[in-house]
Every structure is written in structure tokens, then in C-alpha cells.
């Protein structure tokens with residue numbers, strides 16, 4: 460029974476990730492501009508719009524979201540003007556865990572983000588060993604890619620420090636946030652990679 464439930468949860472996560480990937484890369488093949496808003500499906504099945512500044516357009520989660528946006532504004536690094544802000548930590552476009560890496564990039568199993576009816580957000584990621592090539596995303600480093608490590612306190616759930624690093628910090632099982640551009644649903648170019656560590 461447990462295997463069936465895990466399989467069903469995996470299929471659900473796979474579906475959400477594929478939908479997010481297709482929505483994130485919509486219009487890329489025909490050189491159409493990227494949409495200014497990110498759309499995600501919440502538990503009730505209707506689309507929720509999250510503006511590029513990270514605010515929920517329905518204002519259901521305005522209080523908690525506003526605090527997160529203020530923190531993001533203080534902590535975010537500079538990103539090229541032609542990139543829209545994502546919905547993950549610090550405005551990242553993608554978030555996930557490294558499953559493989561090379562000198563020119565790495566592969567992640569992506570983190571999903573679901574918006575509940577009450578405006579709260581839930582995230583999920585495939586457990587180690589349960590990653591799927593169908594959902595994994597390949598990341599290639601841009602020529603002038605920036606690497607940072609952000610340390611978080613488990614007790615206070617806040618950022619404690621931030622430091623610059625290099626690609627040698629990318630290892631298997633590393634938790635990363637990616638700022639970059641979508642080439643297609645399975646490939647992104649990273650302008651900035653932020654490694655998150657919990658202490």
C-alpha cells in the first residue's frame with residue numbers, strides 16, 4: 460500500500476514539475492517574449508497568478524508574503540535586467556537538488572511549489588534515489604556565472620550569512636537556487652547559482 464501511495468505522489472509531483480516547466484518555457488521556440496507573471500495551480504484546481512515581484516495577485520497571503528518580499532529585497536543579489544524574478548528563495552527561477560555535475564554545469568531534480576487555497580505555499584522534491592530523468596533539468600553555466608553560499612539557521616529559520624564561492628562547491632545532493640534563462644523545458648543557462656545550507 461505504501462509503495463502505491465509513494466508512486467501516486469511521485470506521479471503527481473512529476474505532473475506538476477512538467478506543467479511548471481512547460482509554462483516557464485512557453486513561447487521560447489517562437490522567440491515570443493516571456494510572460495510577466497508566473498502561473499501555478501493550487502489545490503482547488505484554479506490558476507493562481509504570482510506577479511514577477513513575488514506578490515500573490517489574489518492578496519490572500521499578503522501578510523506573510525509581504526515580509527518575505529522585504530527580506531528578498533534586502534538580500535537579493537544583482538541579476539541582469541532581462542530576467543524575470545522567480546518564485547523561489549531570493550527570486551530564483553528554479554530550485555532543486557543536484558543529482559549530477561560536471562565542469563560546465565549540473566543536473567537537478569527540481570523542487571515543486573504548490574499554492575494552497577488559504578494562500579500558503581508547499582514545496583516538494585523527489586527523495587534521493589527516486590529522481591527521474593523525465594523530470595530532471597540540465598543546468599549549464601553562463602560564461603560569467605556567479606556562485607554564492609547562503610547559510611540558514613534551523614532554529615530561527617533565517618539567513619545567517621552569505622559568501623561568494625565557485626563551482627567546486629557544487630556536489631551531489633547540494634541544494635541550489637538558480638537564476639537564469641530557460642532554453643527549453645529540460646535545459647537552463649545559469650547566470651547565478653545560490654547554494655543553500657542549513658546549520
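In the numbering used here, the protein residues as written are 460 to 658.
Even glycine gets a Cβ: it sits at the ideal position worked out from N, Cα and C.
#1: So what's residue 550 in DSSP terms, helix, strand or just coil?
#2: For the beta strand (DSSP E) holding residue 636, just list the boundary residues, first then last.
#3: Among all the DSSP beta bridges, which residues are the ones paired with residue 600?
#4: What residue range does the beta strand (DSSP E) around residue 615 cover?
#5: Using 8 Å as the threshold, is the C-beta distance between residue 553 and residue 657 below it?
#6: Could you check where the beta strand (DSSP E) with residue 569 kicks off and where it finishes?
#7: Considering only DSSP beta bridges, list what residue 607 is partnered with.
#8: Given a cut-off of 8 Å, decide if residue 567 and residue 609 are closer than it, judged by their beta-carbon atoms.
#9: Could you tell me the distance, in whole angstroms, from the CA atom of residue 606 to the CA atom of residue 564?
#10: Inspect the beta-carbon positions of residue 590 and residue 557 and report whether they are closer than 8 Å.
#11: Let me check one thing: in DSSP terms, what residues is residue 559 bridge-paired to?
#12: Kindly identify the DSSP beta-bridge partner or partners of residue 573.
#13: To the nearest angstrom, how far is it from the Cα of residue 615 to the Cα of residue 645?
#14: Nearest to residue 651 by alpha carbon, out of 548, 588, 603 and 628?
#15: In three-state DSSP terms, what is residue 658?
#16: Is it buried or exposed for residue 569, if we count other Cβ within 10 angstroms and need 16 for buried?
#17: So, at 6 Å on beta carbons, what are the nonlocal neighbours of residue 622 in its own chain, with the 5 sequence-adjacent residues on each side left out?
#18: When you compare the CB positions of residue 619 and residue 612, do they come within less than 8 Å of one another, or not?
Result, derived from the coordinates:
#1: Indexing the chain shown from 1 puts residue 550 at position 91. Note: residue 550 maps to helix in three-state DSSP.
#2: As a first step, residue 636 must be located in the chain shown, where it is residue number 177. It spans 634-643 - the beta strand (DSSP E) in which residue 636 sits, taken as one unbroken run.
#3: For the purposes of this step, residue 600 is identified with residue 141 of the chain shown, where counting begins at 1. According to DSSP, residue 600 bridges with 649.
#4: For the purposes of this step, residue 615 is taken as the residue at position 156 of the chain shown. No beta strand (DSSP E) holds residue 615; DSSP gives it neither H nor E.
#5: Within the chain shown, residue 553 is the residue found at index 94, counting from 1. Within the chain shown, residue 657 is the residue found at index 198, counting from 1. No; because the gap between Cβ atoms is not below 8 Å, this pair is not in contact.
#6: Counted from its first residue, the chain shown places residue 569 at position 110. That run of the beta strand (DSSP E) goes 564-569.
#7: Here the question's residue 607 lines up with position 148 in the chain shown. Answer is 623 and 653.
#8: As a first step, residue 609 must be located in the chain shown, where it is residue number 150. As a first step, residue 567 must be located in the chain shown, where it is residue number 108. Taking 8 Å as the Cβ cut-off, residue 609 and residue 567 do not qualify as a contacting pair.
#9: Stepping through the chain shown from its first residue, residue 606 is reached at position 147. Stepping through the chain shown from its first residue, residue 564 is reached at position 105. Those two C-alpha atoms are separated by around 12 Å.
#10: Start at 1 with the first residue of the chain shown, and residue 590 comes out as number 131. Start at 1 with the first residue of the chain shown, and residue 557 comes out as number 98. In this structure, residue 557 does not lie closer than 8 Å to residue 590 by Cβ.
#11: Residue 559 sits at position 100 when you count from the first residue of the chain shown. Residue 559 pairs with 566.
#12: In the chain shown, residue 573 corresponds to position 114, counting from 1. Answer is 581, bridged to residue 573.
#13: Numbered from its first residue, the chain shown carries residue 615 at position 156. Numbered from its first residue, the chain shown carries residue 645 at position 186. Taking the straight line joining both Cα atoms gives about 35 Å.
#14: As a working note, residue 651 is residue 192 in the chain shown. The shortest C-alpha separation from residue 651 is found at 603.
#15: Residue 658 sits at position 199 when you count from the first residue of the chain shown. Three-state DSSP puts residue 658 in coil, outside helix and strand.
#16: Locating residue 569 in the chain shown gives position 110, counting from the first residue. It is buried - the Cβ of residue 569 has at least 16 other Cβ atoms within 10 Å.
#17: Numbered from its first residue, the chain shown carries residue 622 at position 163. So the list reads 608, once near-sequence residues are dropped.
#18: Counting from one through the chain shown, the residue named residue 619 turns up at place 160. Counting from one through the chain shown, the residue named residue 612 turns up at place 153. Cβ distance < 8 Å, so residue 619 and residue 612 count as in contact.
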